[in-house]
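Here the sequence shown stands for residues 1 to 273, numbered as in full-length UniProt numbering.
All C-beta atoms, glycine included, are put in the ideal place defined by N, C-alpha and C.
Since the structure comes first, as structure tokens, the remarks are kept for the end.
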Amino acid sequence: MFAPSSAGRLGCLRLGQLRAWAVGRWACRARQAGSYGSGGSEPEVPPPGPARRTLTEWALLVSPFGRLRARLPCHLAVRPLDPLAYPDGDRVLVAVSGAEGAARGPAGLRVTYDEALREVAVVSESIDPRAAVEVHAPLKFGNTNLFFLLSFLDLNIKSSGSGCVKVQNIECDSCKIETEQGTSILQSVKSQKLRVQTKGGKVICLGTVYGNINIHASDKSIVTIDKLQGSSINISTEDGLLKAKYLYTESSFLSSAAGDITLGSVHGKMKKT
Numbered sequence: 001m002f003a004p005s006s007a008g009r010l011g012c013l014r015l016g017q018l019r020a021w022a023v024g025r026w027a028c029r030a031r032q033a034g035s036y037g038s039g040g041s042e043p044e045v046p047p048p049g050p051a052r053r054t055l056t057e058w059a060l061l062v063s064p065f066g067r068l069r070a071r072l073p074c075h076l077a078v079r080p081l082d083p084l085a086y087p088d089g090d091r092v093l094v095a096v097s098g099a100e101g102a103a104r105g106p107a108g109l110r111v112t113y114d115e116a117l118r119e120v121a122v123v124s125e126s127i128d129p130r131a132a133v134e135v136h137a138p139l140k141f142g143n144t145n146l147f148f149l150l151s152f153l154d155l156n157i158k159s160s161g162s163g164c165v166k167v168q169n170i171e172c173d174s175c176k177i178e179t180e181q182g183t184s185i186l187q188s189v190k191s192q193k194l195r196v197q198t199k200g201g202k203v204i205c206l207g208t209v210y211g212n213i214n215i216h217a218s219d220k221s222i223v224t225i226d227k228l229q230g231s232s233i234n235i236s237t238e239d240g241l242l243k244a245k246y247l248y249t250e251s252s253f254l255s256s257a258a259g260d261i262t263l264g265s266v267h268g269k270m271k272k273t
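Here it is in structure tokens:
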């Protein structure tokens, strides 16, 4: 049901539920201290170390409204695919890249598709933590053509160690992200329920993030926001900075135990402690 290949261009994904462990994008660096640009631009966080190369690729034939389950000790990125390159929208492409001369490659990585469960599984306990896994899936979701958003029913991501998480151009019913020391980047995300929790990493929201939003950052975690829009917004930090440029909400609650709170334009009822 899937075919590994040597090298090729990646695209997008058509799935109903995403579950991931130890995820991120190779372009994220844990505890990156630099600031991000204005206007929704992506932070400049290039991967450390030597040049990278594609090690292995898979192309899976999938049905709509499926699931993606990932369990990885390295970075994982989920992004849309070019609908012009894959007009039928029935493929999930998985690619693994690694540093030149790395001691461990993609050995032990299992990429499978369960047709009965409609579940794509990307699982490994032994892959090099410096490796990066990219999953691309079609923009065409069921009978709905989404030219800019990749749709999920549920997005559930857990990152261990310094694994980074990047969620970009996603629309879903529920989005839950948990990290330890890795950076979480949300860019142009729309979800009915959005929850982000980190124990020491950064949380960065780029562009406009829509939904009922709950962000909790422990320790010295920093939260920086371009624009949040939703009925309810709840953000708390412990000893890290909370900085938001725009908040459009019916009600918002912002709190920090010992960190600073810096706000730009706020619309709607707000409580700050």
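Round the Cβ separation of residue i and residue j to the nearest angstrom and send it over; I've been treating them as touching at under 8 Å.
| i | j | result |
| --- | --- | --- |
| K166 | R195 | No, K166 and R195 are not in contact; Cβ-Cβ is about 17 Å, not under 8 Å. |
| V120 | D90 | Contact flag wrong, Cβ pair sits at about 12 Å. |
| L55 | V96 | 5 Å |
| L247 | I222 | The pair is not a contact, with the Cβ atoms about 17 Å apart (cut-off 8 Å). |
| L72 | V133 | 6 Å |
| S191 | S174 | 6 Å |
| V94 | V78 | With 8 Å as the limit, V94 and V78 do not qualify as a contact, their Cβ atoms being about 10 Å apart. |
| S231 | E250 | 5 Å |
| P80 | N169 | 6 Å |
| A70 | L76 | 6 Å |
Between which two residues does the beta strand (DSSP E) carrying residue i extend?
| i | result |
| --- | --- |
| S251 | 242 to 256 |
| I185 | 184 to 198 |
| L206 | 203 to 217 |
| Y113 | 110 to 114 |
| V135 | 132 to 137 |
| S160 | Element bounds for S160: n/a, residue is neither H nor E. |
| T262 | 261 to 272 |
| A70 | 67 to 71 |
| L76 | 75 to 80 |
| E119 | 119 to 123 |
Which residue or residues does DSSP assign as beta-bridge partners of residue i?
| i | result |
| --- | --- |
| T54 | S97 |
| G230 | T249 |
| Q168 | Q187 |
| A107 | Bridge partners of A107: none, in fact. |
| I177 | I157, V196 |
| residue 305 | The requested residue 305 does not occur in the structure, where the chain is confined to residues 1 to 273. |
| I235 | I215, L254 |
| V92 | L60 |
Residue i: which of the options sits nearest, CA to CA?
| i | options | result |
| --- | --- | --- |
| S188 | S159, I127, D226, S265 | D226 |
| A116 | G211, L228, S221, R67 | R67 |
| T179 | A217, N212, K193 | A217 |
| C74 | D128, P64, W58, P83 | D128 |
| I213 | Y113, L81, L254 | L254 |
| residue 280 | K220, T183, V209 | An answer regarding residue 280 cannot be provided, because it is not within the stretch 1 to 273 covered by the chain. |
| R53 | H267, A131, V94 | A131 |
| A137 | G207, S126, L186, D82 | D82 |
| I185 | N169, K193, I204, C172 | I204 |
| L228 | L263, N156, K220, Y86 | L263 |
| D260 | E238, K245, H267 | E238 |
| M270 | S256, E125, S252 | S252 |
| G211 | C172, S236, K202, G163 | C172 |
| residue 329 | W58, K220, S124, V92 | As shown, the chain starts at 1 and ends at 273. That puts residue 329 outside it, with no answer to give. |
| G161 | I170, T183, N169, Q168 | T183 |
| T224 | Y113, K243, Q181, Q168 | K243 |
| V135 | W58, S236, K272 | W58 |
| G201 | Q181, T273, A70 | Q181 |
| S236 | K245, G207, K272 | K272 |
| R118 | C164, S124, P64, G207 | P64 |
| Y113 | V92, S124, C164 | V92 |
Counting only beta-carbon separations shorter than 8 Å, does residue i have a partner in chain B?
| i | result |
| --- | --- |
| R195 | The chain inventory of the structure shown lacks chain B, comprising one protein chain alone. |
- request: Kindly confirm or deny that the stretch 196 to 207 and the stretch 106 to 114 touch, where touching means at least three C-beta pairs closer than 8 Å.
  value: Short answer: they don't touch.
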